[in-house]
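Undergrad: This is the structure I have questions about; it appears just below.
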Amino acid sequence: MIRWIVTDLDGTLVGRDLAMVPASRDALLRFRAAGGEVVVATGRMEDSARRYYEELDLEGPAILYNGARTVDLVTGAVLRSRVLPEAAWKTLLGLFDELPSGAYPVAFCRGEALAVHDVPELRDFARRDGITLRDPGDWTALPPGEITKCMLIGDPLPELAVAGTVTVRSEATYLEVLPEGATKGSALRDLAAARGVPLEHVAAVGDNPNDLDMIRTAGVGVAVGDGHPEVRAAADVVAAACADGAVADVVKLALKANGWV
């Protein structure tokens, strides 16, 4: 039985037009009406994920910041939180001045997105995610023990190895620096345990390397058909392309497994 469907947003449920693929959205609504639960797992922050959460009329927690935070978007309660170690943040600050031309940092702190550069790459990111980037004036003004994650946006992106962190690519031009142990998969394990849902009763679907731990954690791991080759190779099932209703395929699988058809 599949009680939960856990879905990534961009490139999985959400298409290039930044809207949910209609077939996938409608299928998730059918799954919920039949008695299943839908969990969003995304790299996005609260303000960025909320519009999709509300369109699906969800009431449960959302896995955000690629697993660094799990939040009840109805009440705003933070159910799980990981932050970058202070030493890691200080190391990153030292690296910011050495970034290649065309790579720009964004930090996430206390539910805000912050950047000191006003460049097209970051304006496009803010538009795409539906958020506002605030300029802190100086990176050292941020509280070092409260940084949820850091992103580097642009091209080329450097390879980073900072103690106490993990890095994932959520898009070709996005490199995310997360607290060590903060993944969508670890957040899913904790959330499922807290809710008493066995992982074998969970199906998870994603398209990029930041989804790998999640699809390996779930009882049924599903890759989007036009997703990253590494994700497709790791999945139990390869669904249709995002635009062709990848998440709708997961719902069909779940409804059949549950005898809800």
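Numbered according to UniProt numbering, the sequence shown spans residues 1 to 261. Even glycine gets a Cβ: it sits at the ideal position worked out from N, Cα and C. Predicted model only: the values in this text are computed from it and were never measured.
(1) Considering just the uninterrupted stretch of the alpha helix (DSSP H) at Pro22, what are its terminal residues?
(2) Could you check what DSSP says for Asp213 in three-state terms: helix, strand or coil?
(3) Just the C-alpha distance for Arg32 and Gly102, rounded to the nearest angstrom, thanks.
(4) Which residue's Cα is closest to the Cα of Met45: Asp118, Asp97, Glu176?
(5) Taking the alpha-carbon positions, what's the Val6 to Gly36 distance?
(6) Bridge partners of Trp89, per DSSP?
(7) Indicate whether Glu180 and Thr165 have their beta-carbon atoms separated by less than 8 Å.
(8) Can you give me the C-alpha to C-alpha distance between Ala115 and Leu133, rounded to a whole angstrom?
(9) Roughly how many angstroms separate the alpha carbons of Tyr174 and Asp129, rounded to a whole number?
(10) Would you list the residues sitting across from Pro229 in a DSSP beta bridge?
(11) DSSP three-state call for Leu175: helix, strand or coil?
(12) Whether or not the region 203 to 217 and the region 80 to 100 are in contact is what I'm after, with contact meaning three or more pairs of Cβ atoms, one per stretch, closer than 8 Å; do they touch?
(13) Report buried or exposed for Val202, applying the criterion of at least 16 other Cβ atoms within 10 angstroms of its Cβ.
(14) In whole angstroms, what is the alpha-carbon distance linking Val21 and Glu54?
(15) Sorted by chain position, which residues of the same chain lie with C-beta nearer than 7 Å to Ala246's C-beta, five sequence neighbours on each side aside?
(16) Using a Cβ-Cβ cutoff of less than 7 Å, which residues in the same chain neighbour Ala248 once the five nearest sequence positions on both sides are dropped?
(17) Give me the residue from Leu18, Val14, Arg30 with the minimum Cα distance to Val261.
(18) Would you list the residues sitting across from Leu152 in a DSSP beta bridge?
(19) Write down the C-beta distance between Val237 and Asp211 rounded to the nearest angstrom, noting that I regard them as a contact closer than 8 Å.
(20) Could you give the first and the last residue of the continuous beta strand (DSSP E) run that contains Arg69?
(21) In three-state terms, what does DSSP make of Trp4?
(22) Under DSSP, the alpha helix (DSSP H) around Tyr127 begins and ends at which residues?
(23) Should Glu180 be listed as close to the ligand ZN, given that the test is whether its C-beta is under 7 Å from any heavy atom?
(24) Going by DSSP, which residues form a beta bridge with Glu112?
TA: Based on what the coordinates show:
(1) 22 to 33
(2) helix
(3) 43 Å
(4) Glu176
(5) 11 Å
(6) Bridge partners of Trp89: none, in fact.
(7) yes
(8) 6 Å
(9) 13 Å
(10) Answer is none; Pro229 lacks a bridge partner.
(11) strand
(12) no
(13) buried
(14) 15 Å
(15) Thr12, Ser24, Val205, Val224, Gly225, Ala239, Ala240
(16) Ala23, Ser24, Ala27
(17) Arg30
(18) Pro105, Leu175
(19) In fact, because the Cβ distance is near 14 Å, the residues do not count as touching under 8 Å.
(20) 69 to 72
(21) strand
(22) The amino acid occupying residue 127 in the given sequence is Arg; Tyr does not appear at that position. Start and end: 120 to 129.
(23) As for the ligand ZN, it is missing from this structure, which has no ligand bound.
(24) Cys109
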